[in-house]
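Chemist:
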Amino acid sequence: MLVVLLSALLLAWFGNAAMASVTTTQPPLRPIKINLHDKAALQNGALYALHMCTACHGIQGARYSELPPVLGLSKSQFLKYIGTDGRRYHDTITTNMSPELMTKFVSMPPPDLTDIALRRSPAWLYTYLTSFYVDPARPAGVNNVAFYNVAMPDVFAGMQGLQKPVMVEGLRFGSPARIAVGVLPLTQGTMSKAQFDQTARDIVTFLYAVAHPHQAERARLGPWIIGLFLLLSILTYFIYKLYWRRVITSDERWWRIGR
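In our numbering, the protein residues as written are 189 to 447.
This is the structure:
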């Protein structure tokens, strides 16, 4: 048993040392506040996510039929203004591209966006969507501040315009390297910076809402549940006082027997 414990301690020590040796400078994330009750943001984010992002990515944690309540739309409004891209209403949201074609273009199947939204923070997603920059050394011609050596092409270049990186000296896997910590505009896209930032924020809001479908409901019901527990605590206290009011202590019991 002692040998096993010592082995575990040694593995933990050397594991931490190994992790320290591959330290990488982390670029700052862009702050973002999302409002899951903002139906306009959710609807705008759904338009871009379902008609642009699903060209390569799936959102298989949700079905089309689950989206209207999240977006504040009726079924007919959802089908009219957003649609299911030819799929059935109760289908899961899958990508339009076959796995073979995706592997051919980007060398690997793109991840499901539900999984990304569950594993990453809104700030990371927002930084990722807004921080592609020109990198001729990459197969797709771009790189990303939040995801170094990203395989995804910059599908937002037309809207946002091209960007160049802001580089600083740092560490990558323990070795000195130039790290991208931000971006600066190179060309103007069809949207202004404020417009594109708002669009990216709306996409993040939608993806986070789909990945956490009961988040808004929990926020709405939470204060009522806490209030109910407080009320039950008060009632329980008064019941406790009522029951124990006439209980005779041991001292009183012996005194009464003595009489």
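Ideal Cβ positions, reconstructed from N, Cα and C, are used throughout, including at glycine.
Would you report the Cα separation of F417 and N331, rounded to the nearest angstrom?
Modeler: Those two C-alpha atoms are separated by around 51 Å.
Chemist: Among I281, F320, T302 and D300, which has the Cα closest to the Cα of Y252?
Modeler: Closest option to Y252, Cα to Cα, is I281.
Chemist: Look at C244 and T302 and say whether their C-beta atoms are less than 8 Å apart.
Modeler: No.
Chemist: Below 8 Å on the Cβ atoms is my guess for M379 versus M347; work out the distance and round it to an integer in Å.
Modeler: Correct: roughly 5 Å between the Cβ atoms.
Chemist: Could you tell me whether the Cβ of V392 comes closer than 8 Å to any Cβ of chain C?
Modeler: Absence of chain C from the displayed structure is noted, only one protein chain being present.
Chemist: Do L317 and V371 have their C-beta atoms closer together than 8 Å?
Modeler: Result no, Cβ atoms of L317 and V371 do not sit closer than 8 Å.
Chemist: Going by DSSP, which residues form a beta bridge with M340?
Modeler: Beta-bridge pairing links M340 to no other residue.
Chemist: Ignoring anything shorter than 4 residues or poking outside the region 360-447, list the alpha helix (DSSP H) runs there in chain order.
Modeler: Entirely contained in the region 360-447, the alpha helix (DSSP H) runs reaching 4 residues are, in chain order, 381-399, 403-432 and 438-446.
Chemist: Given that a residue counts as buried once 16 or more other Cβ atoms are within 10 Å of its Cβ, and exposed if not, what is Q231?
Modeler: It is buried - the Cβ of Q231 has at least 16 other Cβ atoms within 10 Å.
Chemist: Does the region 399-415 touch the region 211-231, meaning 3 or more C-beta pairs lie closer than 8 Å?
Modeler: Flag = yes, the region 211-231 and the region 399-415 touch.
Chemist: Would you be able to state if there are at least three C-beta pairs under 8 Å between the region 289-297 and the region 255-270?
Modeler: Flag = no, the region 255-270 and the region 289-297 do not touch.
Chemist: Given this structure, state the Cα-to-Cα distance separating A311 from I220, to the nearest angstrom.
Modeler: Between A311 and I220, the C-alpha separation is close to 6 Å.
Chemist: Which residue marks the beginning of the alpha helix (DSSP H) containing N232, and which one marks its end?
Modeler: Counting along the chain, the alpha helix (DSSP H) containing N232 begins and ends at K227 to H239.
Chemist: Could you give the first and the last residue of the continuous beta strand (DSSP E) run that contains H247?
Modeler: The residue you asked about is not His; residue 247 is Ile in the sequence shown. Start and end: I247 to R251.
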